[in-house]
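Heads up: the sequence shown begins at 1 in UniProt numbering, then just goes up one per residue.
Note that the Cβ used here is the ideal one computed from N, Cα and C, for glycine as well.
Since the structure is predicted, the reported quantities are computational estimates derived from the model, not experimental observations.
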Amino acid sequence: MIITVTLNAALDVTYRVPSLRPHTTHRVLDIAERPGGKGLNVARVLADLGHHTVVTGFAGGPAGDELRRRLAAVTRADLLTDALVPTAGPTRRTVGVVDAASGDTTMFNEPGPTVSPAEWASFVEVYRSLLASGEAGAVALCGSLPPGVPVGAYAELVREARSAGVFALLDTSGEPLRRGLAARPDLIKPNADELAGLTGFSEPARAARDARRRGARAVAASLGAEGMLAVTEEGLWRALPPGRLTGNPTGAGDSAVAGLLSGVVEELPWPRRLARAVALSAATVVAPAAGEYDRAVYEELLPQVKVDAAG
(Lines of atoms letter the chains of each structure in order from A and count residues from 1; the text may use other names and numbers.)
(Lines give C-alpha, C1' and ligand atoms only; values in the text may rest on other atoms or scores of the structure.)
Protein backbone atom coordinates (compact mmCIF):
# COMPACT_ATOMS: atom_id res chain seq x y z
CA MET A 1 0.00 0.00 0.00
CA ILE A 2 1.13 3.53 -0.84
CA ILE A 3 -0.28 6.59 0.94
CA THR A 4 -0.60 9.90 -0.88
CA VAL A 5 -1.25 13.06 1.14
CA THR A 6 -2.94 16.04 -0.53
CA LEU A 7 -3.58 18.70 2.08
CA ASN A 8 -4.82 21.20 -0.52
CA ALA A 9 -6.84 18.97 -2.86
CA ALA A 10 -8.74 20.56 -5.72
CA LEU A 11 -11.48 19.97 -8.22
CA ASP A 12 -9.66 20.60 -11.50
CA VAL A 13 -11.81 22.32 -14.14
CA THR A 14 -10.43 22.68 -17.67
CA TYR A 15 -11.97 24.94 -20.31
CA ARG A 16 -10.81 24.66 -23.91
CA VAL A 17 -11.29 27.74 -26.07
CA PRO A 18 -10.40 28.35 -29.75
CA SER A 19 -8.00 31.16 -28.83
CA LEU A 20 -7.37 32.89 -25.49
CA ARG A 21 -7.38 36.68 -25.77
CA PRO A 22 -7.55 39.23 -22.92
CA HIS A 23 -10.52 41.62 -22.61
CA THR A 24 -12.84 39.52 -24.80
CA THR A 25 -15.65 36.99 -24.41
CA HIS A 26 -14.76 33.38 -25.21
CA ARG A 27 -16.82 30.47 -26.48
CA VAL A 28 -15.88 27.33 -24.56
CA LEU A 29 -15.43 24.30 -26.82
CA ASP A 30 -15.55 21.73 -24.02
CA ILE A 31 -15.25 21.37 -20.24
CA ALA A 32 -13.51 18.64 -18.24
CA GLU A 33 -13.55 18.07 -14.48
CA ARG A 34 -11.39 15.68 -12.47
CA PRO A 35 -10.06 15.19 -8.92
CA GLY A 36 -6.90 17.24 -8.58
CA GLY A 37 -4.10 18.29 -6.30
CA LYS A 38 -0.63 16.79 -6.59
CA GLY A 39 -1.15 13.77 -4.35
CA LEU A 40 -4.39 12.80 -6.06
CA ASN A 41 -2.68 13.02 -9.44
CA VAL A 42 0.06 10.74 -8.09
CA ALA A 43 -2.53 8.30 -6.74
CA ARG A 44 -4.34 7.96 -10.07
CA VAL A 45 -1.11 7.03 -11.86
CA LEU A 46 -0.07 4.61 -9.11
CA ALA A 47 -3.43 2.85 -9.32
CA ASP A 48 -3.11 2.60 -13.10
CA LEU A 49 0.30 1.00 -12.56
CA GLY A 50 -1.38 -1.60 -10.32
CA HIS A 51 -0.55 -0.29 -6.85
CA HIS A 52 -3.12 -0.12 -4.03
CA THR A 53 -3.10 3.52 -2.95
CA VAL A 54 -4.82 5.32 -0.08
CA VAL A 55 -5.54 9.01 -0.60
CA THR A 56 -5.84 11.30 2.37
CA GLY A 57 -5.91 15.02 3.04
CA PHE A 58 -8.95 17.28 3.15
CA ALA A 59 -12.19 17.61 1.18
CA GLY A 60 -15.23 19.77 1.90
CA GLY A 61 -18.28 21.49 0.43
CA PRO A 62 -19.90 20.82 -2.96
CA ALA A 63 -16.53 20.84 -4.76
CA GLY A 64 -15.21 18.30 -2.26
CA ASP A 65 -18.25 16.07 -2.76
CA GLU A 66 -17.78 16.23 -6.54
CA LEU A 67 -14.06 15.48 -6.16
CA ARG A 68 -14.82 12.34 -4.13
CA ARG A 69 -17.50 11.23 -6.59
CA ARG A 70 -15.10 11.57 -9.50
CA LEU A 71 -12.31 9.87 -7.57
CA ALA A 72 -14.55 6.84 -7.16
CA ALA A 73 -15.08 6.75 -10.94
CA VAL A 74 -11.47 6.99 -12.19
CA THR A 75 -9.68 4.18 -14.00
CA ARG A 76 -8.68 1.43 -11.53
CA ALA A 77 -10.75 3.01 -8.77
CA ASP A 78 -10.76 -0.48 -7.23
CA LEU A 79 -7.15 0.20 -6.20
CA LEU A 80 -7.92 3.62 -4.65
CA THR A 81 -9.11 4.01 -1.06
CA ASP A 82 -10.62 7.35 -0.03
CA ALA A 83 -9.42 8.41 3.44
CA LEU A 84 -9.98 12.16 2.95
CA VAL A 85 -10.92 14.12 6.07
CA PRO A 86 -14.02 16.39 5.86
CA THR A 87 -13.63 20.15 6.31
CA ALA A 88 -16.25 22.80 6.95
CA GLY A 89 -14.69 25.00 4.26
CA PRO A 90 -15.15 24.10 0.59
CA THR A 91 -12.45 22.36 -1.44
CA ARG A 92 -10.78 24.76 -3.86
CA ARG A 93 -11.10 24.64 -7.61
CA THR A 94 -8.30 25.08 -10.10
CA VAL A 95 -9.43 26.43 -13.45
CA GLY A 96 -7.26 25.84 -16.52
CA VAL A 97 -8.03 27.59 -19.80
CA VAL A 98 -6.49 25.80 -22.77
CA ASP A 99 -5.83 27.81 -25.93
CA ALA A 100 -6.64 25.29 -28.68
CA ALA A 101 -4.68 27.29 -31.26
CA SER A 102 -1.37 27.38 -29.37
CA GLY A 103 -1.80 24.54 -26.86
CA ASP A 104 -0.87 26.89 -24.01
CA THR A 105 -2.70 26.65 -20.68
CA THR A 106 -3.52 29.55 -18.34
CA MET A 107 -4.20 28.51 -14.74
CA PHE A 108 -6.31 30.09 -11.98
CA ASN A 109 -5.72 28.43 -8.59
CA GLU A 110 -7.97 29.16 -5.61
CA PRO A 111 -6.25 29.22 -2.17
CA GLY A 112 -8.16 26.38 -0.51
CA PRO A 113 -10.30 26.17 2.65
CA THR A 114 -9.11 27.38 6.03
CA VAL A 115 -8.40 24.27 8.09
CA SER A 116 -9.29 24.49 11.77
CA PRO A 117 -7.05 23.10 14.54
CA ALA A 118 -9.64 20.38 15.18
CA GLU A 119 -9.67 19.39 11.50
CA TRP A 120 -5.88 19.26 11.44
CA ALA A 121 -5.87 17.06 14.54
CA SER A 122 -8.40 14.73 12.88
CA PHE A 123 -6.21 14.43 9.82
CA VAL A 124 -3.08 13.66 11.87
CA GLU A 125 -5.02 10.90 13.67
CA VAL A 126 -6.06 9.35 10.32
CA TYR A 127 -2.50 9.66 8.99
CA ARG A 128 -0.99 7.98 12.04
CA SER A 129 -3.47 5.11 11.82
CA LEU A 130 -2.56 4.53 8.16
CA LEU A 131 1.15 4.49 9.00
CA ALA A 132 0.54 2.14 11.92
CA SER A 133 -1.49 -0.33 9.84
CA GLY A 134 1.67 -2.22 8.87
CA GLU A 135 0.59 -2.19 5.21
CA ALA A 136 2.19 1.09 4.09
CA GLY A 137 5.33 0.76 1.98
CA ALA A 138 5.71 4.46 1.21
CA VAL A 139 4.03 7.83 1.61
CA ALA A 140 4.01 10.82 -0.76
CA LEU A 141 3.55 14.24 0.86
CA CYS A 142 2.54 16.52 -1.98
CA GLY A 143 1.63 20.09 -2.83
CA SER A 144 0.82 23.36 -1.13
CA LEU A 145 -0.59 23.92 2.35
CA PRO A 146 -4.12 25.33 2.73
CA PRO A 147 -4.71 28.25 5.11
CA GLY A 148 -4.69 27.22 8.76
CA VAL A 149 -2.25 24.31 8.37
CA PRO A 150 1.06 24.94 10.20
CA VAL A 151 3.95 25.83 7.91
CA GLY A 152 5.93 23.03 9.54
CA ALA A 153 3.22 20.47 8.78
CA TYR A 154 5.32 18.42 6.38
CA ALA A 155 8.18 18.25 8.85
CA GLU A 156 5.75 16.74 11.38
CA LEU A 157 4.40 14.26 8.80
CA VAL A 158 7.90 13.21 7.70
CA ARG A 159 8.86 12.56 11.33
CA GLU A 160 5.70 10.45 11.82
CA ALA A 161 6.58 8.37 8.75
CA ARG A 162 10.17 7.89 9.87
CA SER A 163 8.99 6.78 13.33
CA ALA A 164 6.74 4.19 11.65
CA GLY A 165 9.55 3.00 9.36
CA VAL A 166 7.72 4.15 6.21
CA PHE A 167 9.58 5.64 3.22
CA ALA A 168 8.66 9.35 2.90
CA LEU A 169 8.78 11.34 -0.34
CA LEU A 170 8.28 15.11 -0.08
CA ASP A 171 7.14 17.15 -3.09
CA THR A 172 6.43 20.74 -2.14
CA SER A 173 8.15 24.13 -2.38
CA GLY A 174 9.13 27.25 -0.46
CA GLU A 175 9.10 27.34 3.32
CA PRO A 176 7.16 24.05 3.72
CA LEU A 177 9.96 22.33 1.77
CA ARG A 178 12.66 24.08 3.79
CA ARG A 179 11.03 23.04 7.07
CA GLY A 180 10.27 19.54 5.83
CA LEU A 181 13.86 19.00 4.74
CA ALA A 182 15.06 19.33 8.34
CA ALA A 183 13.02 16.22 9.24
CA ARG A 184 15.17 14.15 6.82
CA PRO A 185 12.72 12.79 4.23
CA ASP A 186 13.92 9.77 2.28
CA LEU A 187 13.45 11.59 -1.04
CA ILE A 188 12.50 15.05 -2.25
CA LYS A 189 11.31 15.72 -5.80
CA PRO A 190 11.72 19.45 -6.61
CA ASN A 191 11.81 20.97 -10.07
CA ALA A 192 14.82 23.04 -11.13
CA ASP A 193 13.34 26.35 -9.91
CA GLU A 194 12.29 24.92 -6.55
CA LEU A 195 15.71 23.38 -6.05
CA ALA A 196 17.45 26.66 -6.88
CA GLY A 197 15.12 28.55 -4.55
CA LEU A 198 15.88 26.11 -1.75
CA THR A 199 19.67 26.12 -2.07
CA GLY A 200 20.61 29.31 -3.95
CA PHE A 201 22.50 27.26 -6.58
CA SER A 202 21.35 27.24 -10.20
CA GLU A 203 23.46 24.28 -11.30
CA PRO A 204 21.21 21.25 -10.60
CA ALA A 205 23.88 18.75 -9.48
CA ARG A 206 25.43 21.22 -7.06
CA ALA A 207 21.99 22.25 -5.78
CA ALA A 208 20.93 18.62 -5.30
CA ARG A 209 24.08 17.82 -3.34
CA ASP A 210 23.43 20.86 -1.15
CA ALA A 211 19.83 19.70 -0.55
CA ARG A 212 21.20 16.36 0.64
CA ARG A 213 23.51 18.15 3.06
CA ARG A 214 20.48 20.03 4.38
CA GLY A 215 18.66 16.80 5.25
CA ALA A 216 17.25 14.93 2.24
CA ARG A 217 18.52 11.38 1.99
CA ALA A 218 18.06 11.52 -1.79
CA VAL A 219 17.07 14.18 -4.34
CA ALA A 220 15.34 13.55 -7.69
CA ALA A 221 15.06 16.85 -9.56
CA SER A 222 12.73 17.31 -12.53
CA LEU A 223 14.54 19.26 -15.25
CA GLY A 224 11.77 19.60 -17.82
CA ALA A 225 12.92 18.67 -21.31
CA GLU A 226 16.32 17.71 -19.81
CA GLY A 227 14.77 14.79 -17.94
CA MET A 228 15.68 14.07 -14.33
CA LEU A 229 18.74 14.20 -12.08
CA ALA A 230 19.08 12.02 -8.99
CA VAL A 231 21.66 12.41 -6.23
CA THR A 232 21.60 9.57 -3.69
CA GLU A 233 23.88 7.76 -1.26
CA GLU A 234 24.73 5.40 -4.15
CA GLY A 235 25.76 8.12 -6.59
CA LEU A 236 24.44 10.49 -9.24
CA TRP A 237 22.33 9.63 -12.29
CA ARG A 238 20.91 11.61 -15.19
CA ALA A 239 17.91 10.31 -17.12
CA LEU A 240 16.98 11.76 -20.52
CA PRO A 241 13.87 11.21 -22.67
CA PRO A 242 14.58 10.09 -26.25
CA GLY A 243 13.69 13.48 -27.72
CA ARG A 244 12.09 16.84 -27.05
CA LEU A 245 8.32 16.52 -26.68
CA THR A 246 5.66 19.19 -27.04
CA GLY A 247 2.36 19.38 -25.21
CA ASN A 248 0.91 20.33 -21.84
CA PRO A 249 3.28 19.76 -18.86
CA THR A 250 0.43 19.90 -16.30
CA GLY A 251 0.79 16.91 -13.99
CA ALA A 252 4.07 15.72 -15.51
CA GLY A 253 5.91 16.12 -12.21
CA ASP A 254 3.18 14.19 -10.38
CA SER A 255 3.49 11.30 -12.84
CA ALA A 256 7.24 11.33 -12.17
CA VAL A 257 6.55 11.04 -8.43
CA ALA A 258 4.32 8.02 -9.12
CA GLY A 259 7.13 6.46 -11.14
CA LEU A 260 9.65 7.00 -8.37
CA LEU A 261 7.37 5.70 -5.61
CA SER A 262 6.29 2.63 -7.55
CA GLY A 263 9.99 1.90 -8.09
CA VAL A 264 10.62 2.23 -4.35
CA VAL A 265 7.95 -0.27 -3.30
CA GLU A 266 8.98 -2.65 -6.12
CA GLU A 267 12.59 -2.32 -4.91
CA LEU A 268 13.86 -1.34 -8.36
CA PRO A 269 17.41 0.02 -8.68
CA TRP A 270 17.73 3.78 -9.14
CA PRO A 271 18.29 3.71 -12.92
CA ARG A 272 15.02 1.83 -13.47
CA ARG A 273 13.13 4.14 -11.10
CA LEU A 274 14.39 7.15 -13.04
CA ALA A 275 13.62 5.64 -16.43
CA ARG A 276 10.05 4.95 -15.32
CA ALA A 277 9.65 8.45 -13.86
CA VAL A 278 10.93 10.16 -17.02
CA ALA A 279 8.82 7.99 -19.35
CA LEU A 280 5.67 8.64 -17.31
CA SER A 281 6.40 12.36 -17.20
CA ALA A 282 6.92 12.51 -20.97
CA ALA A 283 3.76 10.47 -21.60
CA THR A 284 1.85 13.02 -19.50
CA VAL A 285 3.15 15.97 -21.54
CA VAL A 286 1.88 14.49 -24.82
CA ALA A 287 -1.45 13.16 -23.49
CA PRO A 288 -4.60 14.78 -24.98
CA ALA A 289 -6.10 15.49 -21.53
CA ALA A 290 -4.13 17.71 -19.15
CA GLY A 291 -2.81 15.83 -16.13
CA GLU A 292 -3.35 12.35 -17.59
CA TYR A 293 -0.73 10.09 -19.15
CA ASP A 294 -0.81 8.15 -22.40
CA ARG A 295 -0.20 4.49 -21.53
CA ALA A 296 0.85 3.51 -25.04
CA VAL A 297 3.35 6.37 -25.25
CA TYR A 298 4.73 5.45 -21.82
CA GLU A 299 5.33 1.84 -22.83
CA GLU A 300 6.96 2.98 -26.08
CA LEU A 301 9.25 5.52 -24.38
CA LEU A 302 10.29 3.48 -21.34
CA PRO A 303 12.99 1.38 -23.07
CA GLN A 304 14.25 4.49 -24.89
CA VAL A 305 15.02 6.56 -21.78
CA LYS A 306 18.77 6.94 -21.38
CA VAL A 307 20.12 6.76 -17.83
CA ASP A 308 23.80 7.56 -17.21
CA ALA A 309 25.70 7.21 -13.94
CA ALA A 310 28.05 10.05 -13.03
CA GLY A 311 29.71 9.13 -9.77
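Shown here, lysine 38 sits in a helix according to DSSP, grouped into three states. For alanine 252, same chain residues with a beta-carbon under 6 Å away, outside a window of 5 residues either side, are Ser281, Thr284, Val285 in chain order. Counting C-beta pairs closer than 8 Å gives three or more between the segment 113-133 and the segment 87-105, which meets the contact rule.
In the three-state reduction of the DSSP assignment, leucine 181 falls in the helix class, which pools H, G and I.
Cβ neighbours of phenylalanine 167 within its own chain (closer than 6 Å, five residues either side excluded): Ala138, Asp186, Val264. By the C-beta density criterion, leucine 145 is buried, having at least 16 other C-beta atoms within 10 angstroms. Along the length of the segment 99-171, whole alpha helix (DSSP H) runs at least 4 residues long occupy 117-131, 153-163, reported in chain order. Excluding the 5 residues flanking it on each side, leucine 157 has same chain C-beta neighbours closer than 6 Å at Leu141, in chain order. If you draw a straight line from the Cα of methionine 1 to the Cα of glutamate 226, it is about 31 Å long.
With contacts defined as CB atoms closer than 8 Å, proline 204 and leucine 177 fail to qualify as a contacting pair. With 16 or more neighbouring CB atoms inside 10 Å of its own CB, phenylalanine 58 falls in the buried class. In the DSSP assignment, tryptophan 270 forms no beta bridge with any residue. By alpha-carbon distance to asparagine 248, the top candidate from Ala10, Thr6, Arg16 is Arg16. Checking the DSSP bridge columns, you'll see leucine 80 partnered with Thr53.
Valine 305 is positioned such that its CB atom lies closer than 8 Å to that of alanine 275. For the 8 Å CB-CB criterion, alanine 196 and alanine 207 form a contact. With 16 or more other Cβ atoms inside 10 Å of its own Cβ, threonine 172 counts as buried.
As the crow flies, the alpha-carbon of glycine 165 is around 43 Å from that of valine 98. With respect to alanine 153, alanine 182 sits apart: the two C-beta atoms are not nearer than 8 Å. Around the CB of leucine 29, fewer than 16 other CB atoms lie within 10 Å, so the residue is classed as exposed. For leucine 195, the enclosing alpha helix (DSSP H) begins and ends at 192-199. In this structure, DSSP gives serine 222 an extended state, which the three-state scheme calls strand. Between threonine 53 and leucine 84, the gap from beta carbon to beta carbon reaches 8 Å or more. Per DSSP, reduced to three states, the secondary structure at tyrosine 293 is coil, with no helix or strand assignment. Looking only at Leu260, Glu233, Thr246, Thr250, the smallest Cα-Cα distance to alanine 239 is reached by Leu260. Proline 241 has its alpha-carbon roughly 16 Å from the corresponding atom of arginine 295. Taking C-beta atoms as the reference points, leucine 11 and proline 35 count as a pair closer than 8 Å. A straight line joining the alpha-carbon of valine 149 with that of proline 117 spans about 8 Å. Taking a 10 Å sphere around the C-beta of phenylalanine 123, we find 16 or more other C-beta atoms and assign the residue as buried. With distances taken between CA atoms, alanine 100 lies nearest to Pro18 out of Pro18, Arg244, Leu245, Val74. In the same chain as glycine 39, and ignoring 5 residues on each side of it, the C-beta atoms closer than 7 Å to its own belong to Thr4, Val5, Thr6, Val55, Gly57, Ala140, Cys142, Gly143, in chain order.
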